[in-house]
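Chains D and P supply the protein sequences, listed in that same order.
So the number in our numbering is just where the residue sits in the first sequence, counting from 1, plus 557.
So the number in our numbering is just where the residue sits in the second sequence, counting from 1, plus 4.
Below is one structure; the comments refer to it alone.
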Amino acid sequence: MKGKVAGIILFVSLLLLGGCGPREENILNVGMELAYPPFEMTDTEGNPTGISVDMAHELGKFLGRPVKIWNISFDGLIPSLKTGKIDIVISSMTITEERSQSVTFSKPYSKAYLALLVSQDSSVEKVEDLNRKGRIIAVKKGTTGHLYAREHFPLARINVFDKESSCVLEVVQKKADCFIYDQMTILTNWQKNRDTTRAILKPFQKDFEYWGMGMRKDDVELHRKVNEFLESFKESGGFDRLAEKYLKEEKDTFEELGIPFFFSP
Amino acid sequence: MRESDREAPSPCPSTLLNAFLVALFILLIFIFSFSRLEYDFHWAGVWAYRAKFIRGLGMTLVLSFFSLIVSFLLGSLFALGQKSRFLPFYFFSRFYVEIIRGTPLLVQILVFFYVIADAFRVQNRYVTGVVILSLFAGAYISEIIRAGIDSIGETQLETARSLGLTLFQQYRFIIFPQVFKRILPPLAGQLVSLIKDSSLLSIISVSEFTLNAQEVNAYTYSTLESYLPLAVGYLLITYPISNLSKRLERTFSYET
Chain D
558 MKGKVAGIIL FVSLLLLGGC GPREENILNV GMELAYPPFE MTDTEGNPTG
608 ISVDMAHELG KFLGRPVKIW NISFDGLIPS LKTGKIDIVI SSMTITEERS
658 QSVTFSKPYS KAYLALLVSQ DSSVEKVEDL NRKGRIIAVK KGTTGHLYAR
708 EHFPLARINV FDKESSCVLE VVQKKADCFI YDQMTILTNW QKNRDTTRAI
758 LKPFQKDFEY WGMGMRKDDV ELHRKVNEFL ESFKESGGFD RLAEKYLKEE
808 KDTFEELGIP FFFSP
Chain P
5 MRESDREAPS PCPSTLLNAF LVALFILLIF IFSFSRLEYD FHWAGVWAYR
55 AKFIRGLGMT LVLSFFSLIV SFLLGSLFAL GQKSRFLPFY FFSRFYVEII
105 RGTPLLVQIL VFFYVIADAF RVQNRYVTGV VILSLFAGAY ISEIIRAGID
155 SIGETQLETA RSLGLTLFQQ YRFIIFPQVF KRILPPLAGQ LVSLIKDSSL
205 LSIISVSEFT LNAQEVNAYT YSTLESYLPL AVGYLLITYP ISNLSKRLER
255 TFSYET
């Protein structure tokens with residue numbers, strides 16, 4: 558019995574040691590925060606799944622490297638990338654000039670259409686009503702909506718939250734005039750709160766925000782290959798397949814409403 | 005005689021030398037670690053947001069200042085409550101301490117802001133923030149004070165009673181002077197915790213120091229560059245408290 562226990566302890570410590578030791582050279586370590594369905598999420602058994610995960614595996618196939626997905630929270634993603642613990646971040650990151658100073662982005666693979674979830678009592682009818690003194694806008698930290706609000710509504714008060722659910726609650730409880738996020742999130746949250754909110758789903762951006770994969774600035778080789786991959790993936794209809802697999806319902810809803818849909822590179 | 009008279013205020017050479025050696029040792033570890041770090045620091049992007057950091061630090065200072073005062077008052081009140089013979093007050097105090105200490109601050113903030121404050125039509129998230137923080141820290145402070153009072157030996161109180169001191173006089177002349185010194189170290193620790201816990205108010209979008217640093221990180225993707233100033237900033241606020249507590253400890257120490 559004692560020998561058995563000792564054996565298990567030895568085995569586990571070896572496993573742990575293996576985890577700490579030098580990684581296999583060839584593995585493509587992909588970092589993402591699995592908290593943004595249907596792009597980055599987990600299935601019922603806890604395995605990573607979603608559009609970004611499938612894209613990571615396709616990228617691995619293209620590069621001829623096995624893929625390992627690391628679920629890392631947003632605050633840890635960039636340090637992990639910069640210190641070489643992961644090679645690439647595929648986590649629905651919006652490309653900005655400012656962020657490009659710190660990491661290199663691939664070519665855009667998707668663009669985000671923003672939408673508004675408006676509090677029932679608020680006088681906001683269109684996006685032009687937002688840039689006024691006294692308006693309160695709820696945003697999720699670090700999202701496209703956050704960046705857009707900061708740039709376009711300097712007169713309004715912008716309240717920044719960690720979670721999407723807090724933003725929705727703020728609108729429902731009339732603490733905020735509206736919540737800015739992508740169309741899909743706004744649509745689902747409006748469907749859950751029809752009595753207290755309105756949704757403005759029609760795209761209003763003049764310049765779209767694009768999503769890219771993030772890499773280290775000095776990793777020129779990978780950067781070139783990733784761009785090649787995106788090119789060929791687009792040509793072979795890969796994005797359409799992914800949209801069909803993960804976004805079918807949403808796509809149909811938006812087609813019914815006659816509004817352009819957002820997953821279109 | 006007071007201890008502060010015995011201990012010379014200027015530190016002797018050996019103290020200085022040892023402090024220097026410790027500082028040098030820690031500095032070397034940091035220099036070594038950072039030299040091994042393959043991290044491409046990019047300070048310019050974060051430097052552009054220095055005003056944002058300063059505003060956040062200011063907000064944390066203001067929140068902490070009011071929370072420190074209110075939590076100390078609440079803590080004292082409920083410490084007396086736990087010693088009270090008036091049963092409703094006693095039970096309420098026990099209940100308060102157990103509920104607050106047994107539940108996560110995160111949940112308290114969410115419930116207090118979105119449920120309780122909303123029902124009472126309190127919309128100001130900064131006022132709500134100070135109230136939540138004070139309630140939270142107050143429970144711990146209450147326990148610290150109660151423990152301090154309990155630590156006074158029964159014989160002292162018996163002696164005081166036999167000398168005919170009233171309850172007020174017992175507290176004023178026997179209990180408090182001793183309790184104050186004993187509770188200073190845990191109290192200072194609790195106040196330092198309170199200041200750091202104020203960062204959790206970011207979940208209800210109170211624009212304090214941590215939230216501002218997180219926002220800068222989101223804008224620039226320069227994580228370490230955004231968070232290292234955060235550590236320095238909190239240290240700047242908390243160190244004076246630890247320091248003040250040590251001074252007070254010296255001032256209030258009596259020979260027994």
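Cβ atoms here follow ideal geometry from the backbone N, Cα and C, with glycine treated the same way.
Counted within 10 angstroms of its Cβ, other Cβ atoms place residue i as buried (16 or more) or exposed
i        : result
D:Asp644 : buried
D:Asp678 : exposed
P:Pro233 : buried
D:Phe718 : buried
D:Glu685 : exposed
P:Ala27  : exposed
P:Phe2   : Because chain P here runs from 5 to 260, residue 2 of chain P falls outside it and cannot be looked at.
P:Leu171 : exposed
D:Phe824 : This structure leaves residue 824 of chain D out entirely; chain D is present only between 558 and 822.
P:Gln86  : buried
P:Phe99  : exposed
P:Glu162 : exposed
D:Ile739 : The amino acid occupying residue 739 of chain D in the given sequence is Asp; Ile does not appear at that position. Buried: at least 16 other Cβ atoms inside 10 Å.
P:Glu102 : exposed
P:Leu61  : buried
D:Arg689 : exposed
D:Ala732 : According to the sequence provided, residue 732 of chain D is Lys. The question's Ala does not apply to it. Flag for D:Lys732 reads buried.
P:Ala52  : exposed
D:Asn583 : exposed
P:Thr64  : buried
P:Trp47  : exposed
D:Thr653 : buried
P:Val236 : exposed
P:Arg165 : exposed
P:Gly152 : buried
D:Lys639 : buried
P:Ala123 : exposed
P:Ala23  : exposed
Contacts around residue i, its chain only, beta-carbon distance under 6 Å, and the 5 residues preceding and following it disregarded
i        : result
D:His780 : Thr661 and Met772
D:Glu778 : none
D:Pro579 : Caution applies to D:Pro579, whose pLDDT of 46 falls short of 50 and renders its modelled position unreliable; the value that the coordinates give is listed next. Closer than 6 Å at the Cβ level, and outside the excluded window around D:Pro579, lies no residue.
P:Phe93  : Gly85
P:Gly49  : Thr224 and Ser226
D:Phe786 : Leu616 and Phe619
D:Thr810 : none
D:Gly575 : Residue confidence for D:Gly575 is low, a pLDDT of 46 falling below 50, so the modelled location carries little weight and cannot support an answer.
Sequence-distant residues of its chain with Cβ nearer than 7 Å to residue i (five each side left out)
i        : result
D:Asp611 : Leu799
P:Ser138 : Ser71, Val74, Ser75 and Leu78
P:Val134 : Leu67, Phe70, Ser71 and Val74
P:Pro252 : The question names Pro, but residue 252 of chain P in the sequence shown is Leu. Cβ within range, chain order: Leu188.
D:Ser609 : Met589, Phe596, Glu597, Ile647, Ser648 and Ser649
D:Lys734 : One detail in the question is off: residue 734 of chain D reads as Asp in this sequence, not Lys. For D:Asp734, where only same-chain residues beyond five positions count, the Cβ hits under 7 Å are Val675, Ser676, Ser679, Val681, Arg692, Ile693 and Ile694.
D:Arg742 : One point to set straight first is that residue 742 of chain D is Thr, not Arg, in the sequence displayed. Glu721, listed in sequence order.
P:Ser37  : none
Proximal residues to residue i (C-beta, below 8 Å), its chain only, five neighbours per side dropped
i        : result
D:Leu585 : Ala613, Leu616, Gly617, Leu620, Arg622, Pro623, Val624, Lys625, Asp644 and Ile645
P:Leu228 : Tyr43 and Phe45
P:Thr132 : Phe116, Phe117, Ala121, Val126 and Ile208
Contact with chain B by residue i, beta-carbon distance below 9 Å
i        : result
D:Val717 : No chain B is part of this structure, whose protein chains are labelled D and P.
Ranges of the alpha helix (DSSP H) found wholly within the region 764-822 of chain D, counting only runs of at least 4: 777-792, 795-803 and 805-814
Completely contained beta strand (DSSP E) runs for the region 588-665 of chain D, where each covers 3 or more residues: Counting whole runs of 3 or more residues, the region 588-665 of chain D contains the beta strand (DSSP E) stretches 624-628 and 645-651.
Inter-stretch contact (C-beta, 8 Å, three-pair minimum) for the region 799-811 of chain D and the region 693-712 of chain D: In short, these stretches do not touch, since the Cβ pair count stays below three.
Alpha helix (DSSP H) runs wholly inside the region 39-65 of chain P, at least 4 long, in chain order: Within the region 39-65 of chain P, the complete alpha helix (DSSP H) runs of at least 4 residues are 47-51.
Touching by the beta-carbon criterion (3+ pairs, under 8 Å), the region 241-254 of chain P and the region 180-200 of chain P: The region 241-254 of chain P, when compared against the region 180-200 of chain P, does touch it at the 8 Å Cβ threshold.
Given 8 Å, three or more beta-carbon pairs between the region 217-226 of chain P and the region 49-64 of chain P: yes
Members of the region 208-229 of chain P near chain D, C-beta cut-off 7 Å: Ser209, Leu215, Gln218, Glu219, Asn221, Ala222, Tyr223, Thr224, Tyr225, Ser226, Thr227 and Leu228
Residues of the region 38-62 of chain P whose Cβ lies closer than 7 Å to any Cβ of chain D, in chain order: Leu41, Glu42, Tyr43, Asp44, His46 and Gly49
Where the region 652-663 of chain D meets chain P: residues whose CB sits under 9 Å from a CB there: Thr653, Glu655, Arg656, Ser657, Gln658, Ser659 and Val660
Residues from the region 620-640 of chain D in contact with chain P, defined by Cβ distance under 7 Å: Answer set for the region 620-640 of chain D: Asp632, Ile635, Pro636, Lys639 and Thr640.
Contacting positions in the region 121-132 of chain P - beta carbon closer than 9 Å to chain D: Listed in sequence order: Asp122, Gln127 and Arg129.
4 or more residues per run - each alpha helix (DSSP H) lying fully within the region 174-204 of chain P: Taking only runs of at least 4 residues, the alpha helix (DSSP H) segments lying wholly in the region 174-204 of chain P are 180-201.
At least 3 beta-carbon pairs within less than 8 Å: the region 199-207 of chain P vs the region 117-137 of chain P: yes
Short-range partners of chain D found in the region 87-105 of chain P, where Cβ spacing is below 9 Å: none
Positions along the region 675-698 of chain D whose CB lies within less than 7 Å of some CB in chain P: Lys698
In chain order, each alpha helix (DSSP H) run of at least 4 residues that lies wholly inside the region 129-165 of chain P: 129-154
In chain order, each alpha helix (DSSP H) run of at least 4 residues that lies wholly inside the region 205-229 of chain P: 213-224
Members of the region 130-161 of chain P near chain D, C-beta cut-off 7 Å: Listed by position, the residues of the region 130-161 of chain P near chain D (Cβ gap below 7 Å) amount to none.
Residues from the region 191-208 of chain P in contact with chain D, defined by Cβ distance under 9 Å: Of all residues in the region 191-208 of chain P, Ser206, Ile207 and Ile208 have a Cβ within less than 9 Å of some Cβ in chain D.
Chain D contacts from the region 107-122 of chain P (Cβ-Cβ distance under 7 Å): Tyr118 and Asp122
Length-filtered (3 minimum) beta strand (DSSP E) runs lying within the region 692-775 of chain D: Secondary structure within the region 692-775 of chain D: the beta strand (DSSP E) runs of 3 or more consecutive residues, fully enclosed, are 693-697, 714-718, 735-739, 754-757 and 766-772 (chain order).
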